[in-house]
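Peer 1:
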Amino acid sequence: MTRTLAPLAAALLLLAAPAGAQEDEGDVGASLERGLQLLMEGLLSEIGPELDELDGLRRDAQPLLERLQGDLGRVLEGFADLPAYDAPEMLPNGDIIIRRKLPLPEGVEPNPDGSLDL
1 MTRTLAPLAA
11 ALLLLAAPAG
21 AQEDEGDVGA
31 SLERGLQLLM
41 EGLLSEIGPE
51 LDELDGLRRD
61 AQPLLERLQG
71 DLGRVLEGFA
81 DLPAYDAPEM
91 LPNGDIIIRR
101 KLPLPEGVEP
111 NPDGSLDL
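Residue numbers 1 to 118, in my numbering, belong to the letters of the sequence shown in order.
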């Protein structure tokens with residue numbers, strides 16, 4: 001943290017010096033620009049290694065994230081059939097049934113008692 005504050009303090013000193021010397025506006029503008037440039041260079045030199053490390057972590061995590069995305073896509077595809085069913089009901093004997101809303105797919109016939117073999 002102190003390494004980051006050192007360039008900031010140096011840049012602020014450079015910015016304050018021309019204003020105290022009462023130079024003309026052209027020199028003050030150039031000093032401000034140079035001070036800002038020094039500030040940005042100092043900050044970049046301080047956080048540059050951390051940014052490189054973050055980029056390395058991103059590269060390492062990318063295959064895992066792509067695999068996770070594919071897995072989640074397959075899981076979410078399973079929820080596509082959810083609107084085809086009514087809300088679950090609990091019978092007095094404790095059984096839970098889930099009734100199909102939409103017609104049965106072709107080739108699936110209900111049993112004589114109305115149940116389906118899964």
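We put the beta carbon where it would ideally sit given N, CA and C, even for glycine.
1. Would a C-beta distance cut-off of 9 Å place residue 86 and residue 98 closer than the cut-off?
2. Can you give the beta carbon distance from residue 100 to residue 80, rounded, assuming they're within the 8 Å contact cut?
3. Verify whether the separation of the beta carbon atoms of residue 112 and residue 104 is less than 9 Å.
4. By the three-class DSSP mapping on this structure, what secondary structure does residue 47 have?
5. Buried or exposed, going by whether 16 or more other CB atoms sit within 10 Å of the CB of residue 35?
6. Could you tell me the alpha carbon to alpha carbon distance between residue 82 and residue 73, rounded to whole angstroms?
Peer 2: Taking the structure as given:
1. Position 86 of the sequence shown holds residue 86. Position 98 of the sequence shown holds residue 98. Cβ atoms of residue 86 and residue 98: closer than 9 Å.
2. Position 100 of the sequence shown, counted from the first residue, corresponds to residue 100. Position 80 of the sequence shown, counted from the first residue, corresponds to residue 80. Not a contact, Cβ separation roughly 15 Å.
3. One-based indexing of the sequence shown puts residue 112 at position 112. One-based indexing of the sequence shown puts residue 104 at position 104. No, these two residues do not count as a Cβ contact at 9 Å.
4. Taking the first residue of the sequence shown as 1, we reach residue 47 at position 47. Looking at residue 47 - three-state DSSP - the assignment turns out to be helix.
5. For the purposes of this step, residue 35 is identified with residue 35 of the sequence shown, where counting begins at 1. It counts as buried.
6. Indexing the sequence shown from 1 puts residue 82 at position 82. Indexing the sequence shown from 1 puts residue 73 at position 73. Each residue's alpha carbon lies about 15 Å from the other.
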